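Quick mapping for you: the protein sequence lines, in order, are chains Y and U. Residues in the first sequence are numbered from 10 upward in steps of one, following our numbering. Residues in the second sequence are numbered from 163 upward in steps of one, following our numbering. Notes for the one structure printed next.
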Amino acid sequence: MKKAPILVLLALSAAALWAQAPAPAPSTATSTRSYVETLASERFAGREAGSTGERQAGDFIAAQLARIGARPLPGRQDVFMSFDFTAGSRDGGSQLSTGSQRFSAPADVVALSFSDDATVSAPAVFAGYGIVVPEAQNFGYDSYATLDVKDKAVVVLRYFPEDADKETKSILARYSDLRYKALAARQRGAKALLVVTGPRSPNAGQTVPITFDTALAGSGIPAASLSGKAAAALFGSRSLESVQKEFDTGNPHAAGFALDGVTIELSTKLVREKRTARNVVAYVPATSPVTGVDKPWIVIGAHYDHLGLGRNGNSLATAEDAGKAHVGADDNASGSAAVLAIAEAFARRPERKRNLLVALWSAEELGLIGSSAFVNTPPIPLNQAAAYFNFDMVGRMQDNKLAVQATGSSTTWPSLIERANVAAGFNLNLQPDPYQPTDVATFNQASVPSLNFTTGAHLDYHKPSDTADKINYEDLDRIAQFATTIAARLMESDQAPQFVKVEQSSQTVNRTGVRVFTGTVPDYAADAKGLLLGGVIGGGPAEQAGLQKGDVIVEIAGQTIANIYDYTYALELLKIGEPVKVVYMRGTERRETTLTPAARR
Amino acid sequence: MTQSLRRSWLPLVLALSSLTLSAQQPSASKESDFLSRIRRLTVEGRRAGEGYWGPDGQRLVFQSEREPGNPFYQIYLMDMASGDVSRVSPGVGKTTCSFINPQTGDVLFASTHHDPSSKQQQDDELKFRASGQERRYSWDYDPEMELYVRSAKTGTLRRLTNMRGYDAEASYSPDGQWIVFSSTRSGYDGTLSAAQQKQLETDPSYFGEIYIMRADADGSGVRRLTNVPGYDGGPFFSPDGKRIIWRRFEENGVIANVWTMNLDGTDQKQITDFGSMSWAPYIHPSGRYILFASNKLGFENFEVFLVDIDGTKEPIRVTYSDGFDGLPVPSPDGTRLAWTSSRGGGREGQIYLAQWNHQHALDALAAAPPKQRATKGSGQ
């Protein structure tokens with residue numbers, strides 16, 4: 010029913026996109042509106058990767074690409090590129106026995122999400138927190154320094170020492186990821202890893218939930234978490250609490266020990282649910298032979314998948330909205346619409362020196378899986394791609410602010426962006442860092458000069474309330490037009506941008522160490538000095554502390570906050586339930602409050 | 163149009179930053195009353211600033227550090243329709259303070275490219291930066307700085323001044339016939355006392371005075387308009403071409419104020435009196451008011467202010483942003499404002515552009531109270 014009007018409106022808007030008038034052309038915003046309203050409709054049920062809704066959304070996109078005149082890639086029959094991924098894992102019946110005691114899943118023993126399936130029998134050795142700080146860090150912390158764990162089952166505490174000073178914690182937290190602990194144990198010849206959540210830690214005595222882990226392969230060692238009851242059986246007459254206390258100081262000389270006479274038999278079984286999702290990939294061919302053109306492809310892309318009904322853990326829905334379709338109008342029907350609009354604009358150009366590859370990715374929300382599958386088995390040689398343009402959440406522009414990310418990936422970007430923006434007139438926030446949580450990171454890893462466009466997070470982020478009626482279509486069209494202008498300059502040039510490898514910032518956050526919950530929603534597109542809150546989660550610690558959208562956090566627990574990295578870094582040092590002072594700016598007024606972090610599961 | 167900011171701003175901030183702590187800002191932002199659709203205009207390069215409009219508002223000339231291999235400013239011309247940017251200056255050495263001739267479109271700027279040591283200075287600066295050291299940025303008032311004009315018609319470059327001393331900060335009269343500029347030439351004329359010589363070595367800008375000459379000058383016929391100790395610079399003509407506006411530093415080099423005078427240097431009139439560094443004045447094309455920058459609200463927090471043309475009212479704050487906002491230049495039709503700001507992050511400025519609400523400016527002036535005098539001897 011919607012198809013006929015879409016056709017007409019698209020034709021109008023494309024004309025507007027290519028108006029070469031010096032002043033910004035009046036935008037109709039009609040084509041992007043149609044795309045967003047369709048993709049973000051209930052019938053696609055939130056477009057969860059591998060779901061029926063995703064499949065139908067992919068069919069819709071394919072139909073639009075065909076109408077625009079984009080074709081399947083050379084040598085391919087259609088525009089669908091399928092890939093398999095792990096949609097989730099559950100314990101398939103792991104067991105632990107020691108002496109006469111037997112423990113089983115899911116109550117007392119649960120395989121870790123990266124565990125190998127195996128059955129092993131080995132003497133048990135306790136290795137404290139099981140943390141090894143690489144020697145290059147010059148810090149001197151090695152839980153295995155005095156232990157021989159070869160052919161042993163290593164028992165370690167979860168997290169990192171609870172009572173250590175902030176600096177020690179901040180370093181140890183970085184090496185406390187369970188995957189990293191498993192690696193350290195395996196490298197020392199251990200046969201298995203058992204993880205205990207100590208009685209002095211948050212979530213005491215609980216097994217570790219199986220997190221979503223997209224890796225198809227295990228980590229090379231059977232690994233499981235234990236309940237407090239199962240742990241007690243291993244420690245016998247020793248009090249785990251007093252053992253933990255000794256390690257909690259962070260003293261690097263606290264030594265592990267063999268659990269005398271304890272031999273365990275561990276059997277791990279993890280069931281990984283595999284599913285198939287589809288990238289939708291087409292191209293608008295060059296109008297003349299591309300021989301002699303340096304890197305004859307330009308790639309534009311956006312993910313079209315979203316969170317479905319919000320059951321995979323990434324949902325931020327309130328309790329009353331839980332289980333509803335997360336229609337993802339901004340995330341990322343908006344980016345998908347921009348890509349389709351740009352593709353159409355190029356299809357209508359009389360001349361194209363390069364081919365335009367148009368990609369709509371799936372399974373981005375699960376960890377950039379779709380774009381990674383594309384890059385791992387690319388249908389075109391990626392060293393023939395002059396540039397990649399990504400669009401992720403471009404529908405909520407406020408105050409004319411547009412963030413352009415990954416500008417450090419080529420020295421060409423600043424001048425191209427400057428020239429295009431003279432007419433476009435955005436208040437730009439340029440971020441050189443290409444290591445962004447979206448598909449632009451995938452192409453950066455593949456050494457393709459890349460840009461990501463985004464209008465940033467907001468209160469409806471990852472909630473069912475991210476709906477089509479809240480999209481700013483006029484500015485969405487301006488963004489599409491702006492990106493088209495930049496891409497067109499590249500398309501007309503004989504030369505391709507040079508790729509620049511941006512070093513990953515040492516501050517880049519390792520969120521695995523963060524286990525506190527503050528209920529803040531950072532505005533990632535902001536250029537504020539401090540952490541600008543795009544919102545606070547209802548009922549969360551931040552809201553209880555009186556923080557609100559628009560506040561800028563400049564200090565927390567004595568740590569000054571200049572950016573999102575500082576903030577996440579500071580979070581690593583917070584203790585659950587321990588109130589901390591937060592200093593923030595509301596407008597130009599400097600205020601203070603007290604926030605009490607809660608536990609993140 | 164001055165570089166005095168660069169001279170005084172950063173180093174003194176480090177020394178005097180405790181003074182900024184007491185700066186209190188009003189609770190509500192009024193910036194949007196004056197400025198709408200604010201956006202960053204320059205993107206490329208480490209820093210850019212001092213954007214001045216061509217007469218039709220279709221071109222903007224500015225300085226930017228974006229020439230590969232040259233860590234100093236060069237002069238660029240931006241086409242406001244296509245976004246195309248082209249370099250006007252030679253690409254070598256240091257340049258500063260450009261201006262477009264309202265009649266011919268010729269581009270005036272100051273440059274040191276004739277200095278044989280230019281390349282060496284570029285390499286030294288790049289090496290210094292590569293070593294990871296932080297320079298307390300200081301504008302050196304290079305006595306090699308001379309005025310040049312690039313012809314719009316023929317593209318040729320012509321040298322206008324030829325005298326030792328920093329000749330820069332130049333602008334055209336509305337009829338394109340006159341150039342007003344700042345020069346430290348009096349510090350190099352061989353007549354300095356020992357004390358003055360020492361002054362020249364520590365702070366050459368002290369000798370900065372305002373001069374006027376014909377636009378077709380060959381280095382002769384230059385007339386000096388000011389003769390007061392302390393740095394006089396950043397002169398511009400009023401829209402009717404009858405007066406000159408500039409900023410005058412006190413001898414201490416910290417406090418500056420906006421002044422106006424006749425073309426022959428008579429009737430010198432002080433406009434501002436904040437007791438802080440008020441500088442970079444420019445008169446709105448309506449002739450009704452002056453836009454300028456001041457650090458009244460905190461030593462490193464420069465904001466744009468406006469004040470009536472005679473300075474009878476208390477100036478009104480225009481920008482509300484941490485860091486630097488200054489060098490305000492309205493478009494020839496008075497509807498847009500280009501200025502230099504560090505609001506994009508870091509300490510290096512870039513040029514920003516916004517729609518200017520002229521009516522609101524007039525309303526605010528009408529409602530403004532009479533000028534307050536700075537408290538003398540407050541130790542600021």
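C-beta atoms are modelled at their ideal positions from N, C-alpha and C, and glycine is treated no differently. Source: prediction; values computed, not measured.
With contacts defined by Cβ atoms closer than 7 Å, residue 397 of chain U and residue 342 of chain U form a contacting pair. One thing to note: residue 114 of chain Y has its Cβ within 7 Å of the Cβ of residue 103 of chain Y. Identification of residues in the region 476-499 of chain U having a C-beta nearer than 8 Å to some C-beta of chain Y yields 482, 484, given in sequence order. In the displayed model, residue 470 of chain U falls within a strand according to three-state DSSP.
Of all residues in the region 424-442 of chain Y, those with a C-beta nearer than 8 Å to a C-beta of chain U are 424, 426, 427, 428, 429, 430, 431, 432, 434, 435, 436, 437, 438, 439, reading in chain order. With at least 16 other beta carbons inside 10 angstroms of its own, residue 529 of chain Y counts as buried.
Listed in chain order, the non-local C-beta contacts of residue 430 of chain U below 8 Å within the same chain comprise 388, 421, 422, 423, local neighbours out to five positions each way being set aside.
The Cβ of residue 409 of chain Y sits closer than 7 Å to at least one Cβ of chain U. Residues are counted here when their Cβ sits less than 8 Å from a Cβ of chain Y; for the region 190-208 of chain U these are 190, 191, 199, 200, 201, 202, 203, 204, 205, 206, 207, given in chain order.
Judged by beta-carbon spacing, residue 273 of chain Y lies beyond the 7 Å limit of residue 98 of chain Y, meaning their Cβ atoms are not closer than that value. Burial is judged here by how many other beta carbons sit within 10 angstroms of a residue's own beta carbon; residue 504 of chain Y has fewer than 16 and is exposed.
With contacts defined by Cβ atoms closer than 7 Å, residue 393 of chain U and residue 427 of chain U do not form a contacting pair. Comparing C-alpha distances from residue 179 of chain Y to each of Y/242, Y/600, Y/576 shows the shortest one belongs to Y/576.
About 10 Å separates the CB atoms of residue 387 of chain Y and residue 290 of chain Y; that is not less than 8 Å, and the two are not in contact.
Using a Cβ-Cβ cut-off of 7 Å, residue 211 of chain U does not count as an interface residue toward chain Y, since no Cβ of chain Y sits closer than that to its own.
The three-state reading of DSSP puts residue 325 of chain U in coil, since its state is none of H, G, I, E or B. For residue 64 of chain Y, the enclosing alpha helix (DSSP H) has its first and last residue at 61-77.
One finds 484, 507 in chain U with Cβ atoms closer than 8 Å to the Cβ of residue 538 of chain Y, taken in chain order. Interface flag for residue 245 of chain U against chain Y is set, since a Cβ pair is found closer than 7 Å. One Cα belongs to residue 95 of chain Y, the other to residue 288 of chain Y, and the distance between them is close to 16 Å. The DSSP-derived three-state label of residue 90 of chain Y is strand. As a beta-bridge residue in DSSP terms, residue 315 of chain Y pairs with Y/57. Here the alpha carbons of residue 41 of chain Y and residue 486 of chain Y stand approximately 7 Å from one another. Listed in chain order, the non-local C-beta contacts of residue 302 of chain Y below 8 Å within the same chain comprise 295, 362, 363, 503, local neighbours out to five positions each way being set aside.
The beta carbon of residue 174 of chain Y is closer than 8 Å to those of 259 in its chain, skipping five residues each way along the sequence. In the DSSP assignment, residue 484 of chain Y falls within the alpha helix (DSSP H) that extends over 482-501. Secondary structure at residue 254 of chain Y: helix, using DSSP grouped into helix, strand and coil. The way I'd put it, the region 463-478 of chain Y doesn't touch the region 268-286 of chain U; fewer than three beta-carbon pairs between them come closer than 8 Å. Rounded to whole angstroms, the gap between the alpha carbons of residue 373 of chain U and residue 386 of chain U is 4 Å. Take the alpha-carbon of residue 492 of chain Y and the one of residue 496 of chain U: they are about 30 Å apart.
Boundaries of the beta strand (DSSP E) around residue 370 of chain Y: 364-370. Cβ neighbours of residue 472 of chain Y within its own chain (closer than 6 Å, five residues either side excluded): 325, 326. The beta-carbon separation of residue 437 of chain U and residue 417 of chain U, rounded to 6 Å, stays under the 8 Å limit for a contact. Contact annotation: residue 48 of chain Y and residue 71 of chain Y have beta-carbon atoms that are not nearer than 7 Å.
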